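2 protein chains.
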Amino acid sequence: MASSGAAMTESNGTHKFNAHFTKAVINATGPKALPRVRQLTASLVQHLHDFARENELTVDEWMIGLELMNEAGRMSNDRRNEGQLLCDVLGLESLVDEITYKLAADAKDEPTATAILGPFWRQDAPAKQMGDTIVSGIESNDRTWMHGIVTDFRTGKPIEGAVLDVWHTAPNGLYEQQDPAQPDMNLRGRFTTGKDGKYNFYCLRPVPYPIPYDGPAGKVLQALDRHPYRPAHIHFILTAPGYKPIVTQIFDRKSKYLEDDAVFAVKESLIVDFKPSKDDPKADFELPYDFRMATFEDAKKHSVAGATEESATGFSAKT
Amino acid sequence: MASSGAAMTESNGTHKFNAHFTKAVINATGPKALPRVRQLTASLVQHLHDFARENELTVDEWMIGLELMNEAGRMSNDRRNEGQLLCDVLGLESLVDEITYKLAADAKDEPTATAILGPFWRQDAPAKQMGDTIVSGIESNDRTWMHGIVTDFRTGKPIEGAVLDVWHTAPNGLYEQQDPAQPDMNLRGRFTTGKDGKYNFYCLRPVPYPIPYDGPAGKVLQALDRHPYRPAHIHFILTAPGYKPIVTQIFDRKSKYLEDDAVFAVKESLIVDFKPSKDDPKADFELPYDFRMATFEDAKKHSVAGATEESATGFSAKT
């Protein structure tokens, strides 16, 4: 632990370390760096260095953090993103989600609020027909018929060709890619709306589950004396031609952990009510939910960050 | 790129985002977390979130950084630590080195200054006898006889049983573990002093070299329009019973890149002069250098951070 006994304060500034070091690192950036890269790097270096100095971070402590990060990378592949999970338990994904997509989501006439993507989305979930089920090989008393309409938040008109990409966890708390016992792509599907903008499909009423606990994110939660649970939720990505994509989750109002989601993703406007199903022999619950999308143009007016513009950082996320 | 057109300022604080979010994440830490873990996490979360808000970091930009970090972890193994390299190009290792080991290194009567470990040290370098060479299978006109004495910085007395662990790069700019053409453990060795505290061995006058450029650290340097070169240097770890270990590097005064080391490790007191060798047929240069060590007790008086104490973060660096 860093001691507070600082015998050697140099009083060359507000702290006792080399007052020019951080500036030297920031100024090493060359003239050809893109402006956004220069800005983000300068700010990141300043915050990282301030963090280290304010806490008198030792080499040993830095090495612990470094090894957690390297281990997260080593565990990450096309089925698991442990680095993302590490960010999630520190609230970072929820925050950049807010920054990127911030909309007045509580107002009735605004687009559906966003929530984090999370590390379990998979590309190319199977295309399904309206009325299909995404459940395969699971007996359950939580069979749910979900239905609703996708509309333009401003005009109220139905959106044709909206693709609703849905995924949720199995009753054992595992997504299919975490669980060899589940069929590939179980509890995932993509549904495309027709002229009426309506959608409906069968899924399960989801359960709370712990995020993976066997890696660096689990170690961090343990060290922080925090539980790893997420409240019951269903994930969605909505896309439609001319409309800004919506990445979101809806949360079961009856679920535990609404107040202390391990990854800080819950928003009031995304809490929904599962109702007992009356006449449908294929469903135990009914879940009506409507999605409101914004055109790119409308979204721009309401967004605080230029999420629709190209990133200008000069390197791509994929190698 | 984040736009500056913020249409929706909520004026609920100094920024337009949820003013309670960061506090909620920090407050999620449970009562059983160790105090140092609580402190470091709260500070890290605050800085990370401030960084994201101040720059209106978008999801896309965060994902780019995340993928760089995951990729660094994936590339890291017992021969390469890319996460460390990523920290190094942002000056973080040099800073935590300064914080941990800060000593008045410029004064004549103080212990040898420290410098970063870097990612190329290997455990269990071969034990050698005084006068041995660490060079194997390399023809060179930069053969160097390095010699000196290891003393107690306060009493000036020679230290018996000091182990000098040395490693440096080959003339092709590669450490042996990066280079299949070099014998295992080439240009590495451990020398133990006798009663007189003296040491001497043969090595090479090293060359500047680029840090590995094929991973995330290289991408970052490229995006920052920075070169990847380090000035010519030799690495050391000094250990001795009862003395605080010294991790350091010495730098050739004639080398390029002393002013713009890619990893910001150069300190004035660590710059040395290679002298032409006169009478030794086995050496082209002579390099006299003395090391001054401090007992744990003396080091404590001079150190700003409790580097000699056990880390109290509650998780270990190794899994």
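Each protein sequence line maps, in turn, to chains A and B. Mapping to this note's numbering: the first sequence position 118 is 218, numbers consecutive. Mapping to this note's numbering: the second sequence position 51 is 151, numbers consecutive. In this text, a Cβ means the ideal position worked out from N, Cα and C, and glycines have one as well. These figures come from a predicted structure and were not determined experimentally.
Since residue i sits in a beta bridge, which residues does DSSP pair it with?
{"i": "B/Cys303", "result": "B/Thr244"}
{"i": "B/Glu386", "result": "B/Trp245, B/Lys375"}
{"i": "B/Gln349", "result": "B/His335"}
{"i": "A/Met76", "result": "Lying before the first or after the last residue shown, residue 76 of chain A is absent from chain A, which here runs from 101 to 419."}
{"i": "A/Gly289", "result": "A/Val266"}
{"i": "B/Asn177", "result": "B/Arg180"}
{"i": "B/Lys228", "result": "B/Phe291"}
{"i": "A/His309", "result": "In the sequence under discussion, the amino acid at residue 309 of chain A is Tyr, which differs from the His named in the question. Partner(s): A/Arg330."}
{"i": "B/Lys298", "result": "B/Ile249"}
{"i": "A/Tyr343", "result": "A/Ala340, A/Thr395"}
{"i": "B/Thr233", "result": "B/Tyr302"}
{"i": "B/Pro283", "result": "The partner list for B/Pro283 (beta bridge, DSSP) is empty, contrary to what the question assumes."}
{"i": "A/Pro131", "result": "Note: A/Pro131 sits in no beta bridge, so no partner."}
{"i": "A/Pro258", "result": "A/Thr251"}
Cβ-heavy atom distance between residue i and the ligand GTP below 6 angstroms?
{"i": "A/Ala383", "result": "In the structure shown, the ligand GTP is absent, as is every other ligand, since no ligand is present at all."}
Of all the options the options, which has the alpha carbon lying nearest to the alpha carbon of residue i?
{"i": "A/Tyr329", "options": "A/Thr141, A/Leu148, A/Pro135, A/Asp188", "result": "A/Asp188"}
{"i": "B/Asp373", "options": "B/Lys257, B/His247, B/Pro131, B/Glu167", "result": "B/His247"}
{"i": "B/Gly256", "options": "B/Phe117, B/Phe391, B/Lys400, B/Ala365", "result": "B/Phe391"}
{"i": "B/Asp160", "options": "A/Ser369, A/Asp361, A/Ile216", "result": "A/Ile216"}
{"i": "A/Pro258", "options": "A/Asp265, A/Lys295, A/Asp242", "result": "A/Lys295"}
{"i": "A/Ile337", "options": "A/Ile238, A/Ile164, A/Phe291, A/Glu210", "result": "A/Phe291"}
{"i": "B/Ser236", "options": "B/Trp245, B/Ala262, B/Leu304, B/Ser369", "result": "B/Leu304"}
{"i": "B/Leu321", "options": "B/Ser194, B/Pro219, B/Leu168", "result": "B/Leu168"}
{"i": "B/Ile371", "options": "B/Leu387, B/Asp380, B/Asp379, B/Lys382", "result": "B/Leu387"}
{"i": "B/Pro316", "options": "B/Val137, B/Ala128, B/Ile164", "result": "B/Ile164"}
{"i": "A/Lys298", "options": "A/Asp279, A/Ala262, A/Pro331, A/Tyr309", "result": "A/Ala262"}
{"i": "A/Leu287", "options": "A/Glu193, A/Ala225, A/Ile249, A/Asp252", "result": "A/Ala225"}
{"i": "A/Gln278", "options": "A/Asn177, A/Gln139, A/Thr395, A/Ala133", "result": "A/Asn177"}
{"i": "B/Lys367", "options": "B/Met175, B/Ala323, B/Thr348", "result": "B/Thr348"}
{"i": "A/Glu198", "options": "B/Thr158, B/Trp267, B/Asp380, B/Thr212", "result": "B/Thr158"}
{"i": "B/Lys426", "options": "A/Tyr343, A/Thr200, A/Thr212", "result": "The structure shown has nothing for residue 426 of chain B, since chain B only spans 101 to 419."}
{"i": "B/Asn300", "options": "B/Ile249, B/Lys382, B/Glu359", "result": "B/Ile249"}
{"i": "A/Leu397", "options": "A/Arg222, A/Lys344, A/Asp380, A/Lys378", "result": "Before going further, note that residue 397 of chain A is Glu rather than Leu in the sequence given. The candidate whose alpha carbon is nearest that of A/Glu397 is A/Lys344."}
{"i": "B/Pro381", "options": "B/Ser194, B/Leu166, B/Trp245", "result": "B/Trp245"}
{"i": "B/Leu324", "options": "A/Ala362, A/Asn155, A/Arg136", "result": "A/Arg136"}
{"i": "A/Asn363", "options": "A/Tyr309, A/Asp379, A/Thr395, A/Ala340", "result": "It is Val, not Asn, that sits at residue 363 of chain A in the sequence shown. Checked all of A/Tyr309, A/Asp379, A/Thr395, A/Ala340; the closest Cα to A/Val363 is A/Tyr309."}
{"i": "A/Thr251", "options": "A/Glu210, A/Leu148, A/Thr269", "result": "A/Glu210"}
{"i": "B/Leu264", "options": "B/Gln229, B/Ser369, B/Ser194, B/Asn272", "result": "B/Gln229"}
{"i": "A/Ile238", "options": "A/Ser194, A/Pro283, A/Ser369", "result": "A/Pro283"}
{"i": "B/Asn175", "options": "B/Tyr313, B/Ser194, B/Ala227, B/Glu260", "result": "Checking the sequence shown, residue 175 of chain B turns out to be Met, not Asn. Per the Cα distances, B/Tyr313."}
{"i": "B/Thr339", "options": "B/Lys123, B/Tyr389, B/Glu260", "result": "B/Glu260"}
What distance in whole Å lies between the Cβ atoms of residue j and residue i, which are believed to be in contact at a cut-off of 8 angstroms?
{"i": "A/Met285", "j": "A/Ile346", "result": "About 22 angstroms; that fails the 8 angstroms criterion."}
{"i": "A/Gly183", "j": "B/Asn170", "result": "4 angstroms"}
{"i": "A/Pro219", "j": "A/Leu185", "result": "5 angstroms"}
{"i": "B/Asn241", "j": "B/Asp352", "result": "Actually they are not in contact, since the Cβ atoms of B/Asn241 and B/Asp352 sit about 15 angstroms apart, beyond 8 angstroms."}
{"i": "A/Ala281", "j": "A/Pro306", "result": "Their Cβ separation, rounded to whole angstroms, is 17 angstroms, which puts A/Ala281 and A/Pro306 out of contact at 8 angstroms."}
{"i": "A/Gly173", "j": "B/Arg326", "result": "That pair is no contact at about 23 angstroms."}
{"i": "B/Ala133", "j": "A/Asp360", "result": "The pair is not a contact, with the Cβ atoms about 15 angstroms apart (cut-off 8 angstroms)."}
{"i": "B/Ile350", "j": "B/Ile334", "result": "5 angstroms"}
{"i": "A/Gly342", "j": "A/Thr293", "result": "Contact doesn't hold; Cβ gap of about 14 angstroms is too wide."}
In whole angstroms, what is the alpha-carbon distance linking residue i and residue j?
{"i": "B/Tyr302", "j": "B/Gly231", "result": "7 angstroms"}
{"i": "B/Asn118", "j": "B/Ile126", "result": "14 angstroms"}
{"i": "B/Tyr357", "j": "B/Gly191", "result": "15 angstroms"}
{"i": "B/Asp206", "j": "B/Pro376", "result": "Low per-residue confidence applies at B/Asp206: pLDDT is 38, beneath 50, and the placement is therefore not dependable enough to give any value."}
{"i": "A/Val427", "j": "B/Ala365", "result": "The first residue shown for chain A is 101 and the last is 419, placing residue 427 of chain A beyond what the model contains."}
{"i": "B/Ala152", "j": "A/Thr141", "result": "12 angstroms"}
{"i": "B/Arg138", "j": "A/Val145", "result": "22 angstroms"}
{"i": "B/Thr233", "j": "B/Gln223", "result": "19 angstroms"}
{"i": "A/Thr212", "j": "A/Ser355", "result": "21 angstroms"}
{"i": "A/Lys400", "j": "A/Ser143", "result": "25 angstroms"}
{"i": "B/His120", "j": "B/Asn155", "result": "19 angstroms"}
{"i": "A/His149", "j": "B/His147", "result": "10 angstroms"}
{"i": "B/Asn181", "j": "B/Trp221", "result": "10 angstroms"}
{"i": "A/Asn272", "j": "A/Asp379", "result": "28 angstroms"}
{"i": "B/Ala270", "j": "A/Thr269", "result": "53 angstroms"}
{"i": "B/Ala227", "j": "B/Arg254", "result": "28 angstroms"}
Residues in the region 149 to 169 of chain B with C-beta within 7 angstroms of chain A's C-beta atoms, listed in sequence order? His149, Asp150, Phe151, Ala152, Arg153, Glu154, Asn155, Glu156, Leu157, Thr158, Val159, Asp160, Glu161, Trp162, Met163, Ile164, Leu166, Glu167, Met169
Could you name the residues of the region 238 to 257 of chain A whose beta carbon sits closer than 9 angstroms to any beta carbon of chain B, in the order they occur along the chain? none
Chain A contacts from the region 188 to 200 of chain B (Cβ-Cβ distance under 8 angstroms): Leu190, Gly191, Leu192, Glu193, Ser194, Leu195, Val196, Asp197, Glu198, Ile199, Thr200
Against chain A, which members of the region 328 to 350 of chain B pass a CB distance test of less than 9 angstroms? Val347
Relative to chain A, which residues along the region 117 to 131 of chain B have a C-beta separation below 8 angstroms, given in chain order? Phe117, Asn118, Phe121, Thr122, Ala124, Val125, Ala128, Thr129, Gly130, Pro131
If the cut-off is 9 angstroms on Cβ atoms, which residues from the region 317 to 328 of chain A count as contacting chain B, listed in chain order? Lys319, Val320, Gln322, Ala323, Leu324, Asp325, Arg326, His327
Residues of the region 171 to 188 of chain A whose Cβ lies closer than 9 angstroms to any Cβ of chain B, in chain order: Glu171, Ala172, Gly173, Arg174, Met175, Ser176, Asn177, Asn181, Glu182, Gly183, Gln184, Leu186, Cys187
Short of 9 angstroms Cβ to Cβ, which residues in the region 131 to 148 of chain B face chain A? Pro131, Lys132, Ala133, Leu134, Pro135, Arg136, Val137, Arg138, Gln139, Leu140, Thr141, Ser143, Leu144, Val145, Gln146, His147, Leu148
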